[in-house]
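A.B. asks: Sharing a structure below in structure tokens format, with a few things to ask.
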Amino acid sequence: DVKVTQSSRYLVKRTGEKVFLECVQDMDHENMFWYRQDPGLGLRLIYFSYDVKMKEKGDIPEGYSVSREKKERFSLILESASTNQTSMYLCASSLRTSGETQYFGPGTRLLVL
Amino acid sequence: QKEVEQNSGPLSVPEGAIASLNCTYSDRVSQSFFWYRQYSGKSPELIMSIYSNGDKEDGRFTAQLNKASQYVSLLIRDSQPSDSATYLCAVRSGGYQKVTFGTGTKLQVIP
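Those protein sequence lines, which keep their order, are chains A and G.
Using my numbering, the first residue of the first sequence is number 1, and each one after it goes up by one.
Using my numbering, the first residue of the second sequence is number 1001, and each one after it goes up by one.
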């Protein structure tokens, strides 16, 4: 079974703090993704990576950065957290071959005060 | 215009009925289509994928794809209360690995 884990289920941070969200997958997947999910807006892609040290912007990259130093780990960084970044953050991974399933982690609910 | 559109619902059906969930997409070159189920407070999980026109059946679930009409649907036969969840349509276009998700349709199966 594919397992995608995220470092925290719930996180409370202050405006202006630097926030790190970590995601680890154990199935040797090439692709990894960070989404945020908000009511009425659905899942929106922030960044994705198709290989170590490679990253591509998604639909809403502003205010975020990512790091992928190892194949199994993909980190999302909020350089200076703002209240509008309060959301559910979901990490996913998939094989590189086209059309493969994305496997999601349990999510991190981030509250920025 | 949103790239992937779904009716947000809720769609309420009685137990044992057929639930029909619909999704339209805007990119004509879209190649792969997925239905994910998301229970409240949980993360999405894939239930069906479809790549060519026509129907694909898996147990009580049938995915239907019509590329000419840019339309994909999910039918759930003999709906059960355990099917109550939000169903996300996802579409992959081009050679990239990213998919675009719809906002989801909430399904309620009434016992």
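Glycine included, C-beta positions come from ideal geometry on N, C-alpha and C.
Fair warning: this is a prediction, and the values are worked out from it, not measured in the lab.
Taking the alpha-carbon of residue 1076 (chain G) as reference, which of G:1068, G:1053, G:1102, G:1108 has the nearest alpha-carbon?
C.D. replies: The option with the nearest alpha carbon to residue 1076 (chain G) is G:1108.
A.B. asks: For a contact meaning CB atoms closer than 7 Å, what does residue 1103 (chain G) contact in chain A?
C.D. replies: Within 7 Å Cβ-Cβ: 40, 41, 42.
A.B. asks: Between residue 111 (chain A) and chain G, is any beta-carbon pair separated by less than 8 Å?
C.D. replies: By this cut-off, residue 111 (chain A) is not an interface position.
A.B. asks: Which one or two residues does DSSP pair with residue 1014 (chain G) in a beta bridge?
C.D. replies: DSSP output for residue 1014 (chain G) lists G:1110 as bridge partner(s).
A.B. asks: Could you tell me which residues DSSP pairs with residue 1074 (chain G) in its beta bridges?
C.D. replies: Its beta-bridge partners are G:1021, G:1063.
A.B. asks: Quick one: give me the first and last residue of the beta strand (DSSP E) that residue 96 (chain A) is part of.
C.D. replies: First-last for residue 96 (chain A): undefined, no H or E at that position.
A.B. asks: Go ahead and pull the three-state DSSP assignment for residue 1083 (chain G).
C.D. replies: Helix at residue 1083 (chain G).
A.B. asks: For residue 25 (chain A), return the contacting residues in chain G, with the cut-off set at a CB-CB distance below 7 Å.
C.D. replies: Those within 7 Å of residue 25 (chain A) in chain G number zero; the least Cβ separation is about 13 Å.
A.B. asks: Can you tell me which of the three DSSP states residue 85 (chain A) falls into?
C.D. replies: Looking at residue 85 (chain A) - three-state DSSP - the assignment turns out to be helix.
A.B. asks: Can you round the beta-carbon distance between residue 42 (chain A) and residue 1101 (chain G) to whole angstroms, since I take them to be within the 8 Å contact cut?
C.D. replies: That belief holds up - the Cβ atoms of residue 42 (chain A) and residue 1101 (chain G) are roughly 5 Å apart, short of 8 Å.
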